[in-house]
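For reference, the structure discussed in these notes is given below.
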Amino acid sequence: MSILEVQDLRKTFTRGLSRRKTEAVRGISFRVEKGQIFGFLGPNGAGKTTTIKILMGLIFPTAGTASVLGAPAGDREAKARLGYLPENPYFYDYLSAPELLDMVGRIYGLDRAARRRRIGELIERVGLGHAGKRPLRSFSKGMLQRAGLAQALMGDPELVVLDEPLSGLDPLGRKEVRDLIFELRDAGKTVFFCTHILADASMLCDRVGIIVKGELRDVGPLGELLSPKVQSVEVVWAPPAADADAVRAALREREGEHETTSEGEVMRTRDPSAGHAFVAAVVERGGVIHAVNPHRQSLEELFVHEALEGDA
Amino acid sequence: MSPFGRSLARIWAVALNTFREAMRNRVLAVLVLFAVGLMAFSLVLGELSLHEEVRVIKDIGLAGISFVGILIALFLGVNLLSKELDRKTVFFVIPKPLHRWEFLLGKFTGMAVTLGLLTGLMAVVLAGFVVSNGGTHGIAMLRAEILILLELLLLTTVAMLFSAFSSPYLSAMFTGSLWIIGRNTPELSAFASGKLEGTPLGAVLEVVASVVPDFHLFYISGGNLEGNVVSIHEGFVSWSYVAQAAGYASLYGGACLLLAVALFARRDFT
Chain A
413 MSILEVQDLR KTFTRGLSRR KTEAVRGISF RVEKGQIFGF LGPNGAGKTT TIKILMGLIF
473 PTAGTASVLG APAGDREAKA RLGYLPENPY FYDYLSAPEL LDMVGRIYGL DRAARRRRIG
533 ELIERVGLGH AGKRPLRSFS KGMLQRAGLA QALMGDPELV VLDEPLSGLD PLGRKEVRDL
593 IFELRDAGKT VFFCTHILAD ASMLCDRVGI IVKGELRDVG PLGELLSPKV QSVEVVWAPP
653 AADADAVRAA LREREGEHET TSEGEVMRTR DPSAGHAFVA AVVERGGVIH AVNPHRQSLE
713 ELFVHEALEG DA
Chain B
1198 MSPFGRSLAR IWAVALNTFR EAMRNRVLAV LVLFAVGLMA FSLVLGELSL HEEVRVIKDI
1258 GLAGISFVGI LIALFLGVNL LSKELDRKTV FFVIPKPLHR WEFLLGKFTG MAVTLGLLTG
1318 LMAVVLAGFV VSNGGTHGIA MLRAEILILL ELLLLTTVAM LFSAFSSPYL SAMFTGSLWI
1378 IGRNTPELSA FASGKLEGTP LGAVLEVVAS VVPDFHLFYI SGGNLEGNVV SIHEGFVSWS
1438 YVAQAAGYAS LYGGACLLLA VALFARRDFT
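Heads up: the protein sequence lines correspond to chains A and B, in order.
In my numbering, each residue carries its 1-based index in the first sequence increased by 412.
In my numbering, each residue carries its 1-based index in the second sequence increased by 1197.
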């Protein structure tokens, strides 16, 4: 059984007096299996948050089905087995972090002792021990994000749905959250998250889905979606100390893009055989090769390609 | 714990949070202080009367509790639910394992507890003023205060009904208008069966008077009941009247909450 399953899901909003219709999600289908980290990617306005809101029971689909942990989206029993961090977490800002977690614990049906233990664990886990009983309104964005992660984990969920979990965090905080997501997966949990930070998605995801203008363009393991073909080669080199200017000038005449950087001379070419020939020419003239970097398709390139195709 | 017990625990979790939110709101503290100030001012007015200090304190005190209570009920009923939507806290709470109706019932319970506590607090302060001026608080005052609380609870359910589908401003306007009409149902009925009898406008007024919540029922002192003048000072209503008023508030308020639940159940939170 899939943890999340979406079949031909559609959502049309009707707005204003003119009853203008906007199709936010146009018949998307995908599955998320147990123990995966699934990244749901897409440009702004692509339909990511609408899909997540349907899965969380916040809005109702116009057509199609969405099931969470084997039950229709919004089912209370299924919600008891999931934790959700909304985008730009809006919490009760008059509460302190322990009070917020206590409220969530009560809703999950935890008794007083279990709530107290879990609150202590989570506050320490997300690094909010120093915040004490300060109200959430005095928290920075990063601290709010941490409080949001803690409340999402309060019910020890099987499925964790995170909408932009790394936004607002400093580099250390991002690393901590990434580690936390890996820990969740290692503990057998399933993580479904939505992000526009592609570097994080590349690092974290087992599978991704790319949604553009309400349509799912690609879904699958990153390794299958990204082309394994070498798309370009970058050679970092240095001319010999003797006759450096002449060698540099001669080699720059060859095929490829050339530039001088702080790391040394750099040559880039889309033709790998031209790269090999360039390396041989550098060595032949007494130069030094510092690095040869083959460049394959990145998630960012795939994403931009899909987004541009959607625009076309 | 039984499923019913677990459901009650979830409702209480929301209620406790609503209570916390209300009690940490400075506006409510200011309103309660205003009611106490009004009671203190009644001492001055009492001095100006001819040996009727306790009577003045009771009249102004009850009016103060009612007026401030209405403002608080309107503020809570309209604000606390709309704020969940405006501030998007609903995105955090609805995906939690609770039914939408439990959330709504929890909000109402929290507001009811807040109103009960604040009304009780104001009643205790009023009793203090009455006793310190040589009077007795008495059962009649207790009945009047219970009736005021029932009116506030009914008003809260009406406010919640409007909040379930409209903006805070519109909800406040609709609820306020209904309260003004509801407080004047005897005048409305008299007008419809008097000068306007037999006219289309009279018929409309008759329908309006029978459909709007009868808030007059709860603030009866100084009015007429079956031809007799009702006063907090002599000849006030019986416990059976209070029980009937409670029944009316439960039925009407329950219907408002049911309707609010039905509207809330299919609402998209965008």
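Glycine included, every Cβ here is placed at the ideal spot set by N, Cα and C.
Can you look up residue i in the DSSP assignment and give me helix, strand or coil?
| i | result |
| --- | --- |
| A/Phe605 | strand |
| B/His1296 | coil |
| B/Thr1311 | helix |
| B/Leu1349 | helix |
| A/Asp487 | coil |
| A/Pro510 | helix |
| B/Val1458 | helix |
| A/Ala703 | strand |
| B/Arg1463 | coil |
| A/Ile531 | helix |
| B/Asn1421 | strand |
| B/Pro1181 | This structure does not reach residue 1181 of chain B, given that chain B is present from 1198 up to 1467, and the question cannot be answered. |
| A/Val572 | strand |
| A/Ala650 | strand |
| B/Tyr1438 | helix |
Rounded to whole angstroms, what is the Cα-Cα separation between residue i and residue j?
| i | j | result |
| --- | --- | --- |
| A/Val516 | B/Ala1270 | 27 Å |
| A/Gly698 | A/Asn705 | 20 Å |
| B/Phe1359 | B/Leu1278 | 10 Å |
| A/Tyr476 | B/Leu1393 | According to the sequence provided, residue 476 of chain A is Gly. The question's Tyr does not apply to it. So the two alpha carbons sit approximately 56 Å from each other. |
| A/Gly621 | A/Leu534 | 30 Å |
| A/Arg590 | A/Pro583 | 10 Å |
| A/Gly687 | A/His707 | 12 Å |
| B/Phe1466 | A/Leu453 | 22 Å |
| A/Gln448 | A/Ile593 | 11 Å |
| B/Val1211 | A/Ala458 | 34 Å |
| B/Ile1343 | B/Val1439 | 8 Å |
| A/Val695 | A/Leu663 | 11 Å |
| B/Ala1304 | A/Ile415 | Correcting the residue identity first, residue 1304 of chain B is Lys in this sequence and not Ala. Whole-angstrom Cα-Cα distance: 32 Å. |
| B/Ser1386 | B/Pro1410 | 13 Å |
| B/Met1308 | B/Leu1213 | 9 Å |
| B/Leu1235 | A/Leu513 | 40 Å |
| A/Arg488 | A/Met468 | 10 Å |
| B/Glu1244 | B/Tyr1449 | 42 Å |
| B/Lys1280 | B/Pro1365 | 8 Å |
| B/Ala1468 | B/Gly1391 | Within the shown structure, residues of chain B are numbered from 1198 to 1467, placing residue 1468 of chain B beyond reach of any answer. |
| A/Glu576 | A/Lys460 | 11 Å |
| B/Lys1255 | A/Glu511 | 40 Å |
| B/Phe1362 | B/Val1287 | 14 Å |
| A/Thr462 | A/Cys606 | 11 Å |
| A/Gln563 | A/Pro684 | 50 Å |
| A/Thr396 | A/Ala492 | Within the shown structure, residues of chain A are numbered from 413 to 724, placing residue 396 of chain A beyond reach of any answer. |
| B/Val1322 | B/Val1233 | 7 Å |
| B/Glu1423 | B/Ala1369 | 33 Å |
| A/Leu574 | B/Ile1267 | 42 Å |
| A/Gly486 | A/Ala611 | 31 Å |
| A/Asp655 | A/Ala693 | 15 Å |
With respect to the beta strand (DSSP E) encompassing residue i, which residues constitute its N-terminal and C-terminal limits?
| i | result |
| --- | --- |
| A/Lys433 | 432 to 444 |
| B/Pro1365 | Element bounds for B/Pro1365: not the beta strand (DSSP E) but the alpha helix (DSSP H), 1365 to 1380. |
| B/Glu1431 | Element bounds for B/Glu1431: n/a, residue is neither H nor E. |
| A/Arg597 | Premise fails: A/Arg597 lies in the alpha helix (DSSP H), 583 to 598, not in any beta strand (DSSP E). |
Could you please give the first and the last residue of the uninterrupted alpha helix (DSSP H) stretch that includes residue i?
| i | result |
| --- | --- |
| B/Asn1214 | 1200 to 1220 |
| A/Val678 | Segment 676 to 681 is the beta strand (DSSP E) holding A/Val678; no alpha helix (DSSP H) there. |
| B/Val1287 | 1287 to 1290 |
| A/His688 | 684 to 696 |
| B/Leu1228 | 1223 to 1245 |
Taking C-beta pairs closer than 8 Å, name the residues in chain B that residue i reaches, listed in chain order.
| i | result |
| --- | --- |
| A/Phe472 | Arg1463, Asp1465 |
| A/Arg529 | In chain order: nothing, as chain B lies at least about 18 Å away. |
| A/Leu507 | Asn1214, Arg1217 |
Show which residues of chain A have a CB atom less than 8 Å away from the CB atom of residue i.
| i | result |
| --- | --- |
| B/His1248 | Chain A residues near B/His1248: none, gap ~48 Å exceeds 8 Å. |
Using a cut-off of 7 Å between C-beta atoms, extract the partners of residue i located in chain A.
| i | result |
| --- | --- |
| B/Asn1214 | Tyr504, Met515 |
| B/Thr1286 | Tyr502, Phe503, Tyr504 |
| B/Ala1210 | Met515, Arg518, Ile519 |
| B/Ala1206 | Arg518, Gly521 |
Run down chain B in chain order and give the residues with a C-beta less than 9 Å from the C-beta of residue i.
| i | result |
| --- | --- |
| A/Phe425 | Asp1465, Thr1467 |
| A/Met468 | Phe1288, Ile1291, Pro1292 |
| A/Pro498 | Lys1285, Phe1288, Phe1289, Pro1292 |
What does residue i touch in chain A if you count any residue whose Cβ is under 9 Å from its own?
| i | result |
| --- | --- |
| B/Arg1203 | Gly521 |
| B/Leu1228 | The premise fails here: B/Leu1228 is roughly 18 Å from chain A at the closest Cβ pair, so nothing lies under 9 Å. |
Within the chosen definition, does the segment 636 to 651 of chain A reach the segment 683 to 703 of chain A through at least 3 CB pairs nearer than 8 Å?
Counting Cβ pairs under 8 Å, three or more are found: they touch.
Contact between the segment 481 to 491 of chain A and the segment 520 to 536 of chain A: three or more CB pairs below 8 Å?
The answer is no - the segment 520 to 536 of chain A does not touch the segment 481 to 491 of chain A, with fewer than three Cβ pairs under 8 Å.
Just checking, does the segment 490 to 497 of chain A make contact with the segment 539 to 550 of chain A on the three C-beta pairs under 8 Å criterion?
No, the segment 490 to 497 of chain A is not in contact with the segment 539 to 550 of chain A.
Looking at C-beta atoms only, is the number of pairs between the segment 1309 to 1325 of chain B and the segment 1373 to 1386 of chain B that lie closer than 8 Å three or more?
At 8 Å Cβ cutoff, the stretches do not touch.
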